[in-house]
Amino acid sequence: MALFSLAISAGCSKPSEGDATAGKTEDKAAKGADAKPADAKPGDKKKITIGFSMDTLKEERWQRDRDLFKAKAESLGATVLVQSANSDDALQNSQAENLLTQGVDVLVVVPHNAKTTATIVESAHKQNVPVIAYDRLILDSDVDLYVSFDNVRVGELQAEYLVKKHPTGSYVLIGGSPTDNNAKLFREGQMNILKPLVDKGDIKVVADQWAKDWQPVEGLKITENALTKNNNNVTAVVASNDGLAGAAVQALGEQKLAGKVGVSGQDAELAACQRIAAGTQGMTVYKPIKLLADKAAELAIKLAKKEPVGEKTQTVNNGKKDVPSVLIAPIAVDKDNLASTVIADGFHKVEEVYKDVPKEQWPAAK
């Protein structure tokens, strides 16, 4: 993909929480949506208001994104209105319309459905409001900018770890939500690594399914069914995120296979890091979301001010255009580098990660 310096003008081209409730972790439908941004003082430049439309806040990961994005934007003088759609396509679209009605200067969207959120971009552009796709690409739209991680690489890291530990055997693939474009990118990366081994006959894929809305209960069913159909003869589970990994570990544990079957994950959630420390989950993919949130907040403000973004970007085609994209490298995390990654970064505390591990086995304090 070509690299180039980006300069975009504003207007060219999930879940409901306003400022008053942004610190809460539960999903609410549209509470706080009518909160008004603080008025600028006389003589001050207009204060930028950012609308942050999020798919969900159910997972720990998205609560962190919200809090980090909001903190960075506010430190730069902007106001942030946050709404979370509880993984409801129609609700997310209506919440975005609500944010536009409130006069936001830029929309940042974590889409639940990569296709239906194209209407959000269309509505925003009618009001000369630019749109950033946050972490997940909005397909078939004229979205202004995409800020995310290299999600194909995420899938590659997951599969690379498992095939190194388990170069032959029976694999179960648990994909994420079929409406999430990232889930498809993760699978693309996974298959970049797995397909040559499948073609050689070294690896056999005995189950390959997608989990609606990334629900762990779906991952539990998929793993249980795969174990039953294959008489527990499963070598590895390529779980596309930590919620699904936890469900897989639960199913494996019921058959006394936890720690014997390789399991991948993603997001470096605390529970996943605890499983890695305990030996029941092999790895996770750590995506330093502070880098993502900070970068997205900075770029949102620049777009709102119609300033050149000034970033070296790649392009990612969304079915309609080559979208200027800022992609951050993900990091594979296993038992060997827990301390030097998620703990060293302050993402999790050592006493939290290793709470179920005898203290003499904790990594040396850094």
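For the sequence shown, full-length UniProt numbering assigns the number 1 to the initial residue and increments by one for each residue that follows. We put the CB at the ideal spot given by N, CA and C, even for glycine. The structure presented is a predicted model; accordingly, all values stated were derived computationally and were not measured.
Every beta strand (DSSP E) stretch that sits fully inside the segment 42 to 125 and reaches 3 residues is listed by chain position as 49 to 54, 79 to 84, 106 to 109. Within the segment 188 to 274, the complete beta strand (DSSP E) segments at least 3 residues long are 203 to 210, 236 to 239, listed from N- to C-terminus.
Taking a contact as a CB-CB distance under 8 Å, the pair L107 and A118 does not count as one, their CB atoms being some 13 Å apart. Contact check for T341 against V326 fails: the beta carbons are separated by 8 Å or more. In the DSSP assignment, the residues bridged to T315 are P324. Between the C-alpha atoms of A71 and S53 there is a straight-line separation of about 16 Å. Boundaries for D142: no alpha helix (DSSP H) harbours it, and the DSSP string shows neither H nor E there. Nearest neighbour of Q158 by Cα position, chosen from D242, T315, V350, turns out to be D242.
Going by DSSP, I289 is part of the alpha helix (DSSP H) stretching over 289 to 304.
Here the C-alpha atom of P130 lies approximately 22 Å from the C-alpha atom of K290.
For V172, the enclosing beta strand (DSSP E) has its first and last residue at 169 to 175. Residue pairing of I331 in beta bridges, as defined by DSSP: Y286. The beta carbons of N318 and V143 sit closer together than 8 Å. According to the DSSP assignment, A133 belongs to no alpha helix (DSSP H) but to the beta strand (DSSP E) extending over 131 to 134. Checking the DSSP bridge columns, you'll see F149 partnered with I328. Between I193 and E224, the CB-CB gap reaches or exceeds 8 Å. Within the model, the alpha-carbon separation for D55 versus D356 is close to 33 Å. If you draw a straight line from the Cα of V147 to the Cα of E352, it comes to about 30 Å. K349 sits in coil when the DSSP states are folded into three classes, being neither helix nor strand. Leaving aside the five residues that flank G176 on each side, the residues in its chain whose CB is nearer than 8 Å to its CB run, in chain order, N182, A183, F186, W210, A211, W214, S240, N241, L244.
Short of 7 Å from the beta carbon of V121, and not among the five residues preceding or following it, lie these beta carbons of its own chain, in chain order: V131, I138, S141, D142, V143. Leaving aside the five residues that flank I222 on each side, the residues in its chain whose CB is nearer than 6 Å to its CB run, in chain order, I174, Q209. With a cutoff of 8 Å on beta-carbon distance, D180 and R136 are scored as near each other. From the listed residues E160, D334, E254, R66, the smallest Cα separation to A278 is found for D334. Around the beta carbon of V263, 16 or more other beta carbons lie within 10 angstroms, which makes this residue buried. A direct Cα-Cα distance of roughly 40 Å separates D67 from V206. By the Cβ neighbour-count rule, Q266 is buried, with 16 or more other Cβ atoms within 10 Å of its own. Excluding its 5 nearest sequence neighbours in each direction, A248 has C-beta neighbours in its own chain below 7 Å: I174, G219, T223, V237, A239, V263, listed in chain order.
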